[in-house]
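Notes follow once the structure below has been shown.
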Amino acid sequence: LDRVEGESTRGRSEADLARQFERDLPCILHGLYELIAQTLACIDQAEVTSPERMYDFSRWLAAMEMAHGAPAGVYQDAYSTALSEGQLDALLDNLLGATVLEFAETLSAPWTGTPAELLQELARLLPLGVERSRAWPSNPIALSRRLAPLAPALQTQGVTVTFGRGRQRKITIAKSGGPK
């Protein structure tokens, strides 16, 4: 923000900003405590519409919606969206995760195959020379080990990764809809 109570913050020292913050702190704390009190008054009636990993936080958001008179699910949906976007960013920063997302976009039906077959399929999507990168799994075992921890994040983006059991281990990749 460029303005605090009508004053420009440009050209002000950190010490001036700190003094202004100290002056405003009682009002800030009053507002926060008031919000907490209103939220706690609604917490028992709060209805979670978008449960997430931190269920209690989703419940807190539902109570805040009630306290503010916001439509049910608005804050919860914003939280779900933020989590999903964070998962997508993490996947796109991971070479294997980004490649699996790209591969899933090409699928019209679920794909099933061995880790070796999946490694070949994914390698076709890579630019030349990237296969030799340390960021890329060097063999089918490394692929399975790196893919397993990415499965929950991929699920939030509408890509289901299932690891089969048995003599010949199979991996199934399917589009399960859009991001959560």
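For the sequence shown, the numbering used here assigns the number 4 to the initial residue and increments by one for each residue that follows. Don't be surprised by glycine CBs; every beta carbon is placed ideally from N, CA and C. Here the structure is a predicted model, which means the values were calculated and not measured.
Is residue j closer than 7 angstroms to residue i when the C-beta atoms are compared?
{"i": "F106", "j": "L125", "result": "yes"}
{"i": "T159", "j": "Q90", "result": "yes"}
{"i": "P140", "j": "L146", "result": "yes"}
{"i": "A156", "j": "L98", "result": "no"}
{"i": "R41", "j": "A73", "result": "According to the sequence shown, residue 41 is Gln rather than Arg. Not closer than 7 angstroms, so no."}
{"i": "P118", "j": "I174", "result": "yes"}
{"i": "A21", "j": "T52", "result": "no"}
Which term fits residue i, buried or exposed, when burial requires 16 or more other beta carbons within 10 angstroms of its beta carbon?
{"i": "L4", "result": "Its pLDDT being 43, under 50, L4 is placed unreliably by the model, and the measurement read from it follows with that caveat. That one is exposed."}
{"i": "E17", "result": "exposed"}
{"i": "E68", "result": "buried"}
{"i": "V133", "result": "exposed"}
{"i": "S136", "result": "exposed"}
{"i": "M78", "result": "What sits at residue 78 in the sequence shown is Tyr, not Met. The residue in question, Y78, is buried, as its Cβ has 16 or more Cβ neighbours within 10 Å."}
{"i": "L150", "result": "buried"}
{"i": "G34", "result": "exposed"}
{"i": "G100", "result": "buried"}
Alpha carbons only, please: which of the options is nearest the one belonging to residue i?
{"i": "S111", "options": "A66, Y78, Y82 and S179", "result": "S179"}
{"i": "A177", "options": "L104, S136, L122 and R168", "result": "L104"}
{"i": "F166", "options": "L122, Q123, G116 and N142", "result": "G116"}
{"i": "L153", "options": "G169, T102, Q123 and T109", "result": "T102"}
So, do the stretch 79-90 and the stretch 54-64 have three or more beta carbon pairs nearer to each other than 8 angstroms? Contact holds: three or more Cβ-Cβ distances are below 8 angstroms.
Just to confirm the assignment: which complete alpha helix (DSSP H) runs, minimum length 4, are found wholly within the stretch 61-143? Counting only runs of 4 or more, we get 77-95, 98-108 and 118-126.
Which residue spans inside the stretch 13-65 form an unbroken alpha helix (DSSP H) run of at least 4? Runs found: 17-45.
In chain order, what are the residue ranges of uninterrupted beta strand (DSSP E) at least 3 long that sit wholly in the stretch 144-172? With a minimum length of 3 residues, the continuous beta strand (DSSP E) runs that stay inside the stretch 144-172 are 162-166.
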